[in-house]
Structures are given as structure tokens and as C-alpha cells.
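Before any comments, here is the structure.
Residue numbers (this note's numbering), protein chains in the order written: chain G, 41 to 752; chain S, 41 to 752.
Structure below.
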């Protein structure tokens with residue numbers, strides 16, 4: 041591993057982080073609004089700060105224990121100089137920081153966006169987009185920085201034992217999962233509780249300051265949508281990068297590249313793609329300006345396409361120079377283009393199923409006329425339907441990227457999988473602009489809250505409402521992006537897993553234990569009962585994992601509803617606005633639930649692969665990895681798209697359809713939105729983290745599992 | 041294939057069918073009740089008859105086309121003398137007959153059960169159980185008859201080309217799927233529509249004759265729960281039997297059996313198990329008597345355990361004689377015992393998650409206090425939770441049954457899979473008693489309707505209500521039984537599929553087309569992108585398929601609600617009971633929906649495996665088969681258990697909890713029940729048929745697929 045390799049990564053990371061600082065400076069220079077707005081924003085910020093601090097204190101001892109376990113049971117036996125444990129620590133720390141920045145930027149941007157909305161849609165859009173850009177650039181910057189720094193530190197260890205890289209991914213994904221789960225529970229407990237009593241029983245609007253759960257709801261948007269999402273996309277980036285790098289290290293120099301000068305093309309390419317995406321994101325983002333007057337979603341799409349085109353051009357220049365005209369380079373370029381097309385297409389699919397401009401959301405709104413039950417069924421149907429085009433995109437992406445690498449390398453199967461990793465890395469290289477597009481959703485959602493609580497004019501609310509509806513769609517888009525990249529990354533990681541398994545078998549001469557001829561290799565065939573059993577256990581995990589999250593939200597929301605009902609009944613003057621509700625009680629319910637309910641799903645995700653691996657062996661564990669993706673992607677698509685569709689069906693009715701606000705159809709749609717909330721913001725996105733935790737922990741522990749497996 | 045083999049089957053079939061006639065005679069001798077009850081029962085019977093006739097006329101041309109296609113493209117090229125086409129026709133015809141009998145018996149039993157309820161719980165339980173027994177015995181009888189007759193007719197063809205047997209399974213499963221889908225849509229369109237307006241808007245009880253959808257609802261129970269279920273369990277039996285038989289034919293005589301006299305032990309064993317189960321069911325069923333005064337579910341469980349013990353004893357006697365003391369026989373006996381234990385355990389699991397005696401259903405009832413949304417989230421959570429113990433049972437069953445066959449045969453992998461098929465066959469041998477336990481659910485549900493419509497006394501309703509709640513749980517039990525057997529059968533069928541694929545490759549010397557060395561074999565490895573892509577397409581199918589069914593119910597229920605609302609508004613005197621509602625309009629809405637909405641999911645199930653097979657080839661198709669099970673079983677468990685839990689949460693509140701009937705909690709619970717209805721009675725059980733259609737159609741077309749695949 042040469043230094044120029046890591047320098048590309050460091051260079052890209054520095055560029056991204058500098059631009060994040062520039063954007064953050066821009067955000068801070070904007071008018072934060074009236075003192076009342078600042079006061080509300082500060083209250084939300086302090087609440088979010090307090091929660092994240094408390095959460096990090098809960099997570100930290102757990103992370104320290106894992107670092108020690110990894111060091112003792114993995115690094116010492118492997119002689120890897122603590123690389124895996126240090127990688128885990130770096131990955132975990134940067135994940136926590138990425139999450140913190142996500143939260144810190146949005147709480148500062150939202151009051152300013154509310155203020156900017158007074159000057160019209162363009163101003164608010166521009167500011168929210170730049171605020172999201174800080175998170176996007178920070179995420180991609182920290183991602184590249186972590187991977188590159190790790191390489192500089194452990195160059196030789198990685199060459200000998202590629203699996204050590206997985207420690208980095210495991211740290212990133214474990215913390216991201218914690219933040220997704222606890223943030224998701226926090227935010228939806230508050231949101232669901234606030235909506236059920238506020239909107240349907242008391243008949244007061246969303247974010248009304250008379251609602252005791254309103255501060256908890258707004259804190260929740262920050263710790264859930266922003267901190268959780270920042271950590272989540274950061275881990276996607278890291279996990280994909282390490283998948284590509286492990287495969288590159290396994291492949292070495294492909295035969296038809298040997299003639300070309302240098303031998304690190306495959307290792308360098310993923311980081312170059314990241315570099316290209318950063319430049320593309322910076323330039324593409326410039327398209328969003330204050331002067332945009334209408335169709336914010338259209339403008340965001342144009343920014344995305346500009347970014348994509350620029351990234352492809354830079355990719356072409358890099359590949360042309362790196363591969364010295366070898367045809368393999370162009371095949372991999374085509375694969376990178378496949379990844380970028382996937383981003384654009386999956387964005388259209390999510391848009392179709394979640395925007396109220398199209399039939400799916402409208403059928404939910406229509407079904408709301410005949411009760412909450414038909415609304416539920418219609419929304420669930422839309423979620424289920426959305427899995428089909430998503431699957432088609434996924435299947436085409438896998439086949440196209442695989443065959444490009446396979447054919448381009450003269451029938452090297454491992455190069456086929458590497459090429460899939462390149463397509464995934466190319467997808468994630470657009471993270472900067474994708475996060476900018478995404479993050480204005482929670483930012484405007486929060487701005488909306490400030491507008492309502494500070495009692496700003498109706499026309500300001502119209503602006504933030506319009507952006508909020510667009511944000512629901514772009515949030516669904518990013519989730520689809522994250523799920524799709526997780527599925528593609530999982531395929532690459534499975535290939536790496538299989539290679540590591542056989543390397544360990546050879547290293548320790550365990551052929552007879554695994555029923556192999558000397559020199560043979562374990563293959564994961566569908567006729568093997570251990571593989572089948574692994575597939576079933578893996579297929580189960582997203583369902584069972586989701587049961588904890590949905591159940592946690594339901595339990596916490598139940599308490600929240602009863603608390604809000606109690607305050608309305610026992611504190612006189614709340615509804616008249618003469619008495620203040622006890623916001624702290626609601627914050628406390630969300631906090632307790634988020635921290636208490638974290639343990640069970642976290643243990644499920646961490647212990648299941650270890651138990652399956654140590655008892656049933658690597659064949660079953662391999663099946664588990666694939667099984668979790670096979671059921672997980674569809675459950676995740678169903679829940680994230682369905683949830684967003686319910687939300688926008690409610691918003692569609694609020695535009696005056698089927699009787700508008702406070703009609704029976706609206707009440708039914710609020711119920712549907714309430715059900716969709718934990719689907720789209722708690723369970724759905726957490727599945728994505730689950731899949732990555734399963735993958736990375738399996739690679740980290742592969743050596744111990746191969747040696748110690750009981751049935752094998 | 042010797043004649044004694046088929047004679048065992050014919051003998052078992054005759055015994056089962058004779059006993060069905062005996063039971064039917066018993067049912068017919070019972071008092072059908074007052075003239076008003078008879079009148080209502082006749083109206084429902086005529087409606088159900090009319091619908092099934094109409095449905096069969098829609099299905100028949102489709103089935104004829106498939107028969108011709110199979111004959112031309114499969115039987116002629118293979119030189120199999122029309123065996124596959126004839127098998128399909130037999131399977132389809134017997135499936136339709138099994139469905140018809142299911143319906144015909146229940147419509148005749150329900151008014152008699154209502155009448156018997158006047159004499160207390162024991163009388164009603166006894167009669168409903170015997171009525172269900174007619175269906176159970178008919179289903180198992182026709183199953184054995186079809187398989188055995190087919191063997192007598194095509195003995196030599198089957199020996200040469202085992203895949204022809206799959207035609208029988210394809211016919212059975214395709215018709216069962218049609219009946220599950222159309223019956224499921226019919227019944228839930230009526231049920232959901234009736235409940236939303238009747239219970240929550242007009243405040244009239246279930247089955248109130250003033251509700252215009254009430255006749256459609258009762259017809260639906262018969263064409264959905266009874267006809268659909270009869271066809272469904274019949275196909276489970278047939279598909280499992282043929283899976284075991286194909287594997288037996290592939291194996292021939294295992295090495296450690298060669299010394300024993302005779303060589304058809306493996307072929308004979310599945311039918312002997314069926315025989316033993318029939319005898320066990322007849323004897324075990326005798327435990328249910330009029331004298332039972334309380335705990336009907338406990339009594340049914342005892343009947344099940346008695347049946348299981350008797351079946352195991354007979355299995356032991358048969359195996360002891362058949363395998364002449366070879367230890368392999370005892371390993372296979374142990375595997376049969378595993379299958380029977382699975383039935384008992386899975387029954388307990390479904391009971392725990394769906395009966396209101398246990399915490400899961402009670403949490404849903406509790407959550408109903410804070411709105412339909414929290415009720416919905418709680419029910420969804422229970423459905424998701426229930427997947428975990430179901431998966432554990434499935435995994436243990438696979439591993440235990442496989443290793444018993446593998447170890448018992450001296451490490452023959454195919455014998456491992458055969459042993460799994462034996463465990464599955466052993467499960468399904470209990471069909472007689474399982475169906476009896478199940479079918480009293482719809483029978484008492486219908487009896488309930490007659491009690492209400494005929495205005496019988498409150499204490500009669502209490503009896504039928506109690507049995508109805510037990511029926512909700514036993515229906516969930518049978519669905520779990522069907523899903524579990526489908527998953528296990530799919531594993532056996534996949535093994536057969538893989539063998540057939542490689543036989544065809546060898547036969548037509550297609551090694552180079554599939555990138556194999558001459559004499560090599562195609563293996564389904566998880567690192568192959570075609571297998572992975574197949575797994576994703578398969579994983580998608582249950583989700584996408586369900587979207588059509590849930591969507592169909594929602595659309596039809598929407599129409600039904602508007603029609604019922606219209607009648608309440610436009611026909612004066614309905615609510616006072618002075619004017620009759622227009623029942624026919626509601627029947628018409630359900631009928632139209634059931635027949636129209638059948639096409640899309642049916643085509644999805646039939647065309648997807650063919651398209652994937654012909655374009656992507658057998659590797660992707662194999663992945664599809666496993667992928668559909670990996671996601672399908674969990675989606676099915678989630679929906680069937682969740683749906684039953686919602687239903688019983690509502691019933692729990694109706695016992696007076698949380699405010700009882702007409703409280704806000706009850707309204708929320710009715711909404712949850714309404715959502716659960718198409719989960720548990722339309723989409724959930726249909727997934728089971730979907731999985732089997734995919735499996736059987738793939739084996740039927742395996743030769744054409746291997747030869748014609750484009751990418752391979």
C-alpha cells in the first residue's frame with residue numbers, strides 16, 4: 041500500500057471538511073430571527089445536546105468493553121498490533137462525531153431557516169440545503185479521513201490480514217445502529233404521542249406550544265433524523281469503502297493489469313471515486329440559490345444530476361490516468377456510472393411512491409374517507425408495492441456491475457464482485473449532495489416547529505410546510521439510497537467473508553474439521569442445511585429486530601399520550617395559553633424510553649451472528665448474512681416508503697382534499713401518519729444499520745469463529 | 041414402483057373417505073334448527089355455491105390452457121405419455137373438489153351448530169369438530185388418492201422421469217392459490233366493509249341482519265376460510281408427498297438398506313405415514329364429546345396429543361416391519377417424531393401469540409386505549425415478535441430431521457433431505473385432526489352469524505362467541521402449520537430441483553453452456569451473482585404478491601363501505617328493522633372484486649419463475665425458490681399471527697376490559713381487527729400457496745428451462 045494511495049483519501053477528506061467549515065460559516069452568518077425564535081431554538085438545542093451527551097455516556101462503556109474484547113480475542117491471536125481494536129475505536133468515535141455534527145448543524149440552521157422563510161421559498165431552500173451540506177461534507181470527510189488515516193497507520197498489517205479493516209466498519213456501524221435505534225425511539229415516542237392527543241383529541245395543530253410533548257418532538261427530530269442519519273450515512277460510506285478495499289487487497293493485481301505501471305489501482309480507485317464525488321457535490325450544490333421560486337424538488341433533482349455528471353467526468357479523468365488506457369479501467373468506469381444511475385433512478389422510485397403528486401399517495405388519501413383501517417391498508421399496500429421497482433433496480437445493478445468487472449478482467453469472479461463494490465462506492469461518492477438534499481427535510485421540519493411556536497405569520501408557515509412535504513420525499517429517497525447501498529455492500533462483504541473463512545481454514549489446517557479434502561475450500565451452497573438454516577435465521581432478524589423498535593415506540597407513545605392527557609386535564613389554562621405545559625416530563629419519557637429500549641435490539645444484532653458463528657459455524661453465518669439482506673431490504677423499503685407515503689397522504693388532505701383539515705378523512709390520515717412514523721423513522725432505517733453490523737462483526741470475528749465453531 | 045406401494049395409499053385414502061362419509065352422516069342427522077335458521081343457512085349456502093360455480097368457470101379455461109401447454113411443451117418433448125398434464129389435471133380437479141367439500145360441509149354444519157349451542161358448549165364443540173372432520177378426512181383422503189392413482193397409472197414413467205410427479209403438485213397448488221386469493225378477497229371485502237360501517241359508524245353488532253353486507257360476510261367465511269383452507273391443506277399434503285417421492289426415486293436404495301428385502305421402503309414410507317395419521321386422527325378425534333363443559337381449546341389440544349401418540353405408535357410398527365430392523369428405519373422414525381413435535385410446538389407458539397389468555401394480545405388491548413394507531417403498532421409488533429419462536433422451531437426441525445437422515449444413512453446428503461421430507465409428511469399426516477380443530481373456527485363463526493340473524497337468545501350467543509374466540513386461535517394455528525410445512529417442503533423440492541437441473545444438463549450435454557467441465561454439476565453457491573439475484577427476486581415476491589391482495593381488499597372494502605353507507609341513507613327503515621337491506625348488491629361487490637383482482641397476483645406467481653428461468657437460467661430460479669421462502673415464511677407468520685392477535689384483542693375488550701363494547705378502546709380495537717382481517721385471511725395464507733406454486737411450476741418446467749435459458 042503506497043502512500044499516494046492514502047494521500048488521495050486525505051486530500052479528499054480535507055477538501056470536504058474545509059468546505060463544511062465554509063458552509064457552516066455561511067449558516068452562522070444568517071439572521072437567527074427574533075429573540076423568541078432564538079429562545080425556542082436554544083431550548084431545542086440544549087435538549088438535543090443533553091440527550092446526545094447522556095446517550096454517549098451510556099454507549100461509551102459498552103464500546104470500551106468491545107475494544108478490549110477485540111484486542112484480546114482478535115488482535116493478540118492474529119498478531120495484528122491492535123489494528124482491529126484501534127480501527128473499531130476510530131470508526132466508533134468518528135460515527136459519534138458525525139452524528140453530533142448532524143445534530144449541531146440542524147439545530148443552528150432551523151431557526152435561521154424559519155427566519156429566511158420570511159423572504160420566500162428560495163431563501164429558505166438555499167439555507168436549509170447549505171445546512172444539510174455541512175453534514176454531508178462532514179460525513180464524507182470523516183469517512184475518507186478515517187479510512188485513510190487507518191491505512192497510513194497500519195499499512196503492513198492490512199496487507200497481511202485484510203480483515204482488520206473490518207474493525208473500522210464495525211465501530212462505525214455499531215455506533216450508527218445505537219444512534220438510529222435510540223434516536224428513532226426518542227423522536228417517534230414524542231411525535232406519535234404529541235400527534236394522537238394534540239391533533240386528534242385536542243384539535244390543536246402540529247408543533248403548537250400548548251402541547252406538552254412539543255419540545256420533546258422537536259428535540260427528537262434532531263437526535264433522530266439528524267444525528268441518526270449523519271451516523272448512518274457515515275457508516276454506509278465507511279463500510280462500502282472497506283468492502284472495496286478488502287476485495288482489492290484479496291485480488292492484488294489482476295492479470296490483464298500487470299503490464300500497467302504501478303500496482304495499487306484497485307486500492308486507490310474507491311478513494312478517487314470519493315474525491316470525485318466531493319468535487320461534484322460542491323459544484324452541483326451551487327445550483328441551489330435564493331432565486332429559486334418554485335418546484336424545490338425539481339431544483340434539488342437538477343443539482344443531483346449536475347453533481348452526477350461532474351463526478352462521472354472526474355472519474356473518467358482519474359481512471360484514464362490510473363489504468364493507463366487498460367480496458368479494465370473503462371469497464372470499472374461503466375460500473376461507477378451504474379452506481380450513479382442507481383442513485384438517480386432509486387430517487388425517482390421513492391419520489392413516485394411518496395410524493396402526493398402521484399397516484400400511490402393519492403389512493404391512501406382517498407382511502408382515508410372510509411376510516412383509519414382502510415387508510416392503514418392502503419398505506420401498507422403502497423409500501424409493499426414500492427418493493428418491486430426497488431428490487432428491479434437492485435437486481436439490475438448487481439448483474440450489470442458484476443458482469444462489467446467479470447468481463448473487463450477476463451472472467452475473474454472476484455473482480456466481478458469488486459466491480460459491484462465500485463458501483464456502490466460510486467453511489468456513496470454522491471453523499472455530499474444527497475445529504476444536502478436530505479437534511480433540509482428535518483431542518484425545515486424544525487423550522488416549521490419554530491414558526492408555529494414563535495407564532496409567525498401564516499405565509500411563512502406555507503413556505504416551511506411546502507418544503508416540509510418535499511423533505512418527506514427526500515428523506516424517503518435517502519433511506520432508499522442507504523438501504524440500496526447496504527444491500528450492495530453486503531454482497532461485497534459476503535465475498536470477503538467467504539475468502540477470509542477459507543484463508544483461516546487453510547492457515548490452521550482445519551480441512552478435516554470442515555469435511556474438506558486438503559487444499560479444498562468451503563462453498564456456501566443452497567443445498568447445505570447449515571446454509572439454509574443460516575438464511576432463515578438471517579431472514580428472521582429484520583422482522584424480530586423491528587418488533588423491538590416498533591414495540592418500543594408504541595410503549596413510549598402510550599405513556600406519552602397518557603402524560604399529555606393528564607397535563608391537559610390537571611393543569612388549568614394550558615388550552616387557553618395562560619399556563620405553560622410541563623415540557624420536561626415529556627422529554628423525560630422519550631429519554632427514558634430511548635435509552636432503556638436500546639439494549640434488546642442492540643444485543644440481538646451483536647450476539648446473534650456470534651452465537652450462530654460459534655455454534656453452527658461459518659456456513660450458517662454466511663447464510664445469515666445473505667438472509668438478513670434478502671428479507672431486510674424489502675422490509676426496509678416497505679416501511680420507509682410506506683411511512684413517507686402515509687405522511688404525505690395526510691399533507692395532501694391538509695391541502696383541502698376530501699374535506700381538508702379536521703375532516704373525518706383527516707383524522708384517519710393522522711392515524712395512518714402516526715403508524716407510519718415509527719415505520720419510516722425508527723424501524724425502517726435501523727434495518728440498514730442492522731445489516732451492516734451483522735456484516736462487519738462477522739468479518740471481525742471470522743478467525744475465532746472458524747477455529748472455534750462447534751458444529752461445522 | 042411396486043403395486044403394494046400404491047395400495048397402501050389407496051387403502052389409507054379409502055379409510056379416510058369412508059370416515060368422512062360417516063361423519064357427514066352424523067352431521068346431517070343433527071337438528072338443523074328453526075325454519076328461520078334453515079332459511080338463513082340456505083341463503084348463505086346458495087351464495088357460496090353460486091360463487092364457487094362462477095369461480096370454477098373462470099378458472100377452468102385457464103387450467104385447460106395450462107394442461108395443453110404442459111402436454112405440448114413438457115410431455116411430448118420428454119416422451120412422458122402426457123403424465124405431467126394428466127397429473128396437473130388430477131391435482132387441479134381434486135383441489136377444486138376439496139375446496140367444494142370444505143364449503144359444502146361448513147354451510148351444512150353451521151346452522152346445526154347454532155342449534156346445538158342451545159344445549160351448551162359441549163354439544164356445539166362436538167358438532168363443529170365433527171363437521172371439520174369431514175373436511176379433514178376428505179382432504180387427506182383425496183390427497184392420498186390422487187398421489188396413489190397417479191402412481192398406478194404412470195409407474196414406469198415416474199421411474200424414468202421423477203419430475204412428472206410435480207404436475208400433480210402444480211395443479212393442486214395453482215387451484216389452491218386461486219381459491220385462497222379469490223376467497224380471501226371475497227370474504228375480507230365483505231367483512232371489513234360490514235365492520236367499518238356496522239360496528240363503528242352505525243353501532244350495530246356483528247352479523248346484524250340490518251347490515252346490508254351481512255350475507256356477503258357469511259358467504260365469504262365459507263368461500264374464504266373453508267373452501268380456501270380445504271384446497272390449501274390438500275395442496276400442502278400433495279406437494280409434501282410428491283417432494284418425498286421425488287427424493288425417494290432419486291435416491292433409489294441407500295447402501296445400508298441393500299441387505300433388507302424389498303427396495304421400495306423409501307417410496308412407501310410417506311404413504312404409510314399418511315395411513316398412520318389417518319388412523320390416529322380418527323381415534324384421537326373420539327376424545328371430543330358432548331360432555332366437555334369448559335376449556336374447549338384444552339380439549340382440542342388433548343385430542344391432538346392423543347392423535348400424535350397413536351400415529352407415532354403405528355409409525356413404529358410400520359417402520360419396524362418395513363425396514364426389517366435396519367437402523368436407518370429408526371432414524372427416519374425419529375424424524376417423523378420431529379415432525380409431530382413441530383405440530384404440537386408450533387400450535388403452542390401460535391396459541392401464545394393469538395389467545396387473549398397471554399400477554400401479547402393483552403398488550404394490544406391495552407394499547408387500544410390510546411387510539412387506533414397505538415393499537416395498530418402493538419398488533420404489528422406482536423406479529424413481528426411471533427416470527428422469532430416460529431423461526432427457532434423451523435431451524436431446529438430442519439437441522440434435526442436432516443442430521444437424522446444423514447447420520448442414519450452413513451452420510452448420504454440426499455437422505456438428509458429425504459428425512460426432512462419425512463418429517464414434513466409426518467406433520468401433514470395429522471391433517472385429519474388438525475383440520476377438525478381448525479374448521480370449527482369458521483363453522484362457529486358462521487353459527488354465530490345465524491344465532492345473531494335468527495335472533496336467538498343471549499346465552500346461545502355466549503357459547504358460539506366463546507368457541508369463535510378459540511376458533512381464531514386454532515385458525516392461526518393451522519396457518520402456522522401450513523406455512524411451516526410449506527417451508528419444509530420447499531427445502532425438499534429445492535433439492536429435487538437441483539438434481540433435475542443437473543440431470544437435464546447431463547442428458548442434453550449442456551456442460552459448456554453452463555461453464556462446466558464435462559460431467560460437472562451446477563452448484564447453487566451464494567457467491568454466484570445469479571443465485572444472489574434470484575434470492576432477491578424470490579425475497580421480493582411475497583411482499584409484492586401481498587400488495588395485490590391487501591390492495592384488493594382495501595379497494596373492495598372502500599366500495600363496500602360506500603354501498604353500505606348509501607343503503608343506510610337511502611333505504612328508510614333499515615335501522616328500525618322495517619325494511620330489508622339490498623343484500624345482493626353487497627354480494628355483487630365482493631364477487632366482482634374476488635374475480636377481477638385474481639388475475640394480477642396469479643400471473644405474478646406463474647410468470648415470474650418462468651421468466652426468471654428462461655432469461656436468467658436455473659441458478660437464478662433456484663435462488664428465487666429459496667428466497668421466496670426466506671422472506672415469505674416471516675411475512676406470513678407476521679400477518680397470520682398478527683391478524684389473529686388483533687381479532688382476539690378486540691374480543692378481549694368485548695369481555696368488558698378497558699370499557700368493553702362501544703368504548704373508545706373498542707372502536708380502536710375494531711379498527712385493528714379490520715386491518716388484521718386481510719393480513720390473516722387473505723395475504724398471509726396465500727403466501728403459503730404462492731411458495732408452493734413457485735416450487736412446483738419450476739420443477740414442471742425444469743427441462744425446458746435448462747435447455748432454453750438465455751443467460752446461464
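Even for Gly, the Cβ is constructed at its ideal location relative to N, Cα and C.
Quick caveat: nothing in here was measured; it's all calculated off a predicted structure.
Less than 9 Å divides the Cβ of residue 376 of chain S from the Cβ of residue 462 of chain S. Under the DSSP assignment, residue 609 of chain G falls in the alpha helix (DSSP H) whose first and last residues are 569 to 610. Chain order gives the chain G residues near residue 591 of chain S as 421, where near means a beta carbon separation below 7 Å.
Interface with chain G (9 Å Cβ-Cβ cutoff): residue 406 of chain S is included.
Under the DSSP assignment, residue 429 of chain S falls in the alpha helix (DSSP H) whose first and last residues are 412 to 448.
Under a 10 Å Cβ-count criterion, residue 101 of chain S is classified as exposed, with fewer than 16 other Cβ atoms of the shown protein chains found around its own Cβ. Neighbours of residue 534 of chain G across chain S, judged by C-beta separation under 8 Å: 566, 567.
Look at residue 227 of chain S: its C-beta is not under 9 Å from any C-beta on chain G. At a cut-off of 9 Å between beta carbons, residue 542 of chain S makes no contact with chain G. The beta carbon of residue 661 of chain G is closer than 7 Å to those of 574, 649, 652, 653, 738, 745 in its chain, skipping five residues each way along the sequence. Residues are counted here when their Cβ sits less than 8 Å from a Cβ of chain S; for the segment 599 to 610 of chain G these are 601, 602, given in chain order. Under DSSP, residue 565 of chain S takes part in a beta bridge, and its partners are G/565. At a cut-off of 9 Å, the C-beta of residue 409 of chain S has a neighbouring C-beta in chain G. Contact between the segment 581 to 590 of chain S and the segment 712 to 730 of chain S is established, with three or more Cβ pairs separated by less than 8 Å.
When the alpha-carbon of residue 244 of chain G is set against those of G/358, G/701, G/509, G/751, the nearest one is in G/701. Residues of the segment 457 to 482 of chain S with a C-beta atom less than 9 Å from some C-beta of chain G are 457, 460, listed in chain order. Within the segment 337 to 415 of chain G, complete alpha helix (DSSP H) segments of at least 4 residues are found at 367 to 394, 399 to 407, given in chain order. Within the segment 701 to 712 of chain S, 711 place their CB atoms closer than 7 Å to a CB of chain G, listed in sequence order. Rounded to whole angstroms, the gap between the alpha carbons of residue 340 of chain G and residue 482 of chain G is 16 Å.
Contact annotation: residue 135 of chain G and residue 58 of chain G have beta-carbon atoms that are not nearer than 9 Å. By alpha-carbon distance to residue 155 of chain G, the top candidate from G/352, G/627, G/521, G/77 is G/77. Residue 698 of chain G and residue 395 of chain G do not touch by the CB rule: their CB atoms are close to 18 Å apart, not below 8 Å. Among the CB atoms of chain G, none fall inside 9 Å of the CB of residue 382 of chain S. Using a Cβ-Cβ cut-off of 9 Å, residue 399 of chain G does not count as an interface residue toward chain S, since no Cβ of chain S sits closer than that to its own.
Straight-line measurement puts the Cα of residue 634 of chain G at about 14 Å from the Cα of residue 232 of chain G. Here the segment 568 to 583 of chain G lies against the segment 663 to 679 of chain S, with 3 or more beta-carbon pairs under 8 Å apart. According to the DSSP assignment, residue 480 of chain G belongs to the alpha helix (DSSP H) that extends over 471 to 493. Taking C-beta separations shorter than 6 Å and ignoring five residues to either side along the sequence, the partners of residue 122 of chain S in its chain run 111, 115, following chain order. Distances from the CA of residue 536 of chain S to each of S/284, S/626, S/358, S/554 were compared; the closest alpha carbon is that of S/284.
Boundaries for residue 251 of chain G: no alpha helix (DSSP H) harbours it, and the DSSP string shows neither H nor E there. Its chain contains 430, 433, 517, 520, 521, 524 as the residues whose beta carbon lies nearer than 8 Å to that of residue 386 of chain G, once the 5 sequence neighbours on both sides are disregarded; these appear in chain order.
The Cβ atoms of residue 426 of chain S and residue 681 of chain S lie closer than 9 Å to each other.
Here the segment 550 to 563 of chain S makes no contact with the segment 416 to 424 of chain G; the two share fewer than three CB pairs at distances below 8 Å.
A Cβ-Cβ distance of about 6 Å is found for the pair residue 736 of chain S and residue 279 of chain S, placing them in contact under the 8 Å criterion.
Using a Cβ distance threshold of 9 Å, residue 608 of chain G and residue 615 of chain G count as a contacting pair.
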